[in-house]
Amino acid sequence: MAYQNLLVEKKGAVGVITLNRPDALNALNKALMDEMTLALDDYEADDDIHCIVITGSAKAFAAGADIKEMQPKSYMDVYKEDFITANWERATRCRKPVIAAVAGYALGGGCELAMMCDFIIAADTAKFGQPEIKLGVMPGAGGSQRLTRFVGKSKAMEMCLTGRMMDAAEAERSGLVSRVVPAGELMDEVLKVAQTVADMSLPIAMMTKESVNRAYETTLSEGVRFERRLFHSMFATEDQTEGMAAFVEKRQPQFRHR
Ligand code: CAA
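Under full-length UniProt numbering, the first residue of the sequence shown carries the number 1, and numbering increases by one thereafter.
Dropping the structure here:
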């Protein structure tokens with residue numbers, strides 16, 4: 001399908017989604033987020049895709065929700081359309097692994113979109129922030145909650161209350177991103193990581209993702225119990241049989257994703 005605000009490209013078993021509103025630094029308007037939902041639906045339904053990458057341009061992953069689109073909205077408008085929940089949370093419901101490749105600005109909704117992904121790899125040019133307070137609002141797509149879980153209360157509070165940006169080195173130090181790479185190598189590195197994930201057993205990767213995410217939703221003892229149940233269930237998969245046999249036989253596993 002042809003998109004107006006995204007580029008989509010399959011690279012082997014990796015589905016890449018590139019935000020593509022260069023004139024607005026990839027500001028996330030309704031049209032773009034509706035397309036993002038469709039693109040994620042497509043990749044999720046595609047058995048050949050095992051890992052998804054969301055990225056932007058060298059200058060901006062995304063500079064936030066589209067302020068010009070938001071500006072005229074009233075309380076009744078945003079309440080009735082459940083603004084920001086409706087088509088933004090698709091990324092959080094994606095069952096396949098999703099990696100954010102961030103260069104340049106990831107601000108407001110851009111930072112929130114990146115944090116909805118399973119992990120973030122950043123270029124050394126990346127800048128993260130929740131500057132909504134400067135517009136007389138606060139983060140509206142999970143920023144006050146997810147950023148706090150990533151970087152802790154003090155830093156999240158400072159960023160949300162001052163609107164200041166965090167550079168890539170600080171983002172790595174604080175646990176917001178899994179690692180930082182030189183800007184020119186971002187996509188090569190991310191695609192390498194994505195391919196590594198895609199080469200694993202897809203159902204096992206999906207269950208692993210589900211289990212790590214559960215850590216954010218429940219107590220330690222319940223999370224460990226959940227992990228144990230999933231771990232046990234993996235012994236019913238062909239890929240567990242293959243993975244362990246391959247190790248014992250000193251060869252590479254041939255996962256069949258079942
Ligand atoms: N919405 C709409 N348009 C945006 C935008 C946004 N979030 N961010 C940038 N643009 C547009 C600019 O208006 C400009 O368009 P024009 O050429 O038509 O004027 C174009 O993109 C280029 O931007 P700048 O000229 O401002 O570029 P710059 O390099 O001077 O500055 C920047 C870059 C610091 C990122 C600056 O653009 C900026 O501060 N953008 C807004 C960041 C922001 O406040 N984000 C939070 C949005 S609210 C939100 O996201 C709510 C939520 O929680 C979901």
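All C-beta atoms in this analysis are idealised placements derived from N, C-alpha and C, irrespective of residue type, glycine included.
Original post:
CB-CB under 6 Å to residue 156, same chain, minus the five flanking residues each way: which ones, in chain order?
Top reply: In its chain, beyond the 5 residues on either side, 147 and 148 have a beta carbon closer than 6 Å to the beta carbon of residue 156.
Subject >> residue 117 - containing alpha helix (DSSP H), residue span >> reply: Here residue 117 belongs to no alpha helix (DSSP H), and DSSP marks it neither H nor E.
**OP:** Can you check the segment 165–189 for any beta strand (DSSP E) of at least 3 residues that lies completely inside it and give the ranges in chain order?
**Re:** 179–181
Original post:
So the beta strand (DSSP E) residue 11 belongs to, where does it begin and stop?
Top reply: 6–11
Subject >> Sub-8 Å separation of residue 139 and residue 112 beta-carbons >> reply: yes
Original post:
Which same chain residues, not among the five before or five after residue 134, have their C-beta less than 8 Å away from its C-beta?
Top reply: 163
Original post:
Hey, how far is the Cα of residue 54 from the Cα of residue 95?
Top reply: If you take the alpha carbons of residue 54 and residue 95, they lie about 15 Å apart.
**OP:** Using the Cα positions of residue 216 and residue 102, report the straight-line distance between them to the nearest angstrom.
**Re:** 23 Å
Subject >> Helix, strand or coil at residue 246 [DSSP, three-state] >> reply: Here residue 246 carries a helix assignment [DSSP, helix/strand/coil].
Original post:
In three-state DSSP terms, what is residue 56?
Top reply: coil
**OP:** With DSSP collapsed to three states, give me the class of residue 30.
**Re:** helix
Subject >> Coarse secondary structure for residue 84, derived from DSSP in three states >> reply: coil
Original post:
Per DSSP, residue 105 is paired with what?
Top reply: 60 and 127
Original post:
Is it buried or exposed for residue 78, if we count other Cβ within 10 angstroms and need 16 for buried?
Top reply: exposed
Original post:
Candidates 3, 4, 17 and 2: which alpha carbon is nearest residue 187's?
Top reply: 17
**OP:** Using DSSP bridges, identify the partner residues of residue 94.
**Re:** Beta-bridge pairing links residue 94 to no other residue.
Subject >> Nearest to residue 120 (by Cα), restricted to the options 86, 177 and 136 >> reply: 177
Original post:
Would you say residue 49 and residue 13 are within 8 Å of each other, going by their C-beta atoms?
Top reply: In contact: residue 49 and residue 13 (Cβ atoms closer than 8 Å).
Subject >> Coarse secondary structure for residue 18, derived from DSSP in three states >> reply: strand
Subject >> Alpha-carbon spacing of residue 248 relative to residue 218, whole angstroms >> reply: 36 Å
Original post:
From which residue to which residue does the alpha helix (DSSP H) around residue 205 run?
Top reply: 202–214
**OP:** May I ask you to report which of helix, strand or coil DSSP gives residue 99?
**Re:** strand
Original post:
Can you tell me whether DSSP reads residue 65 as helix, strand or coil?
Top reply: Three-state result, residue 65: strand.
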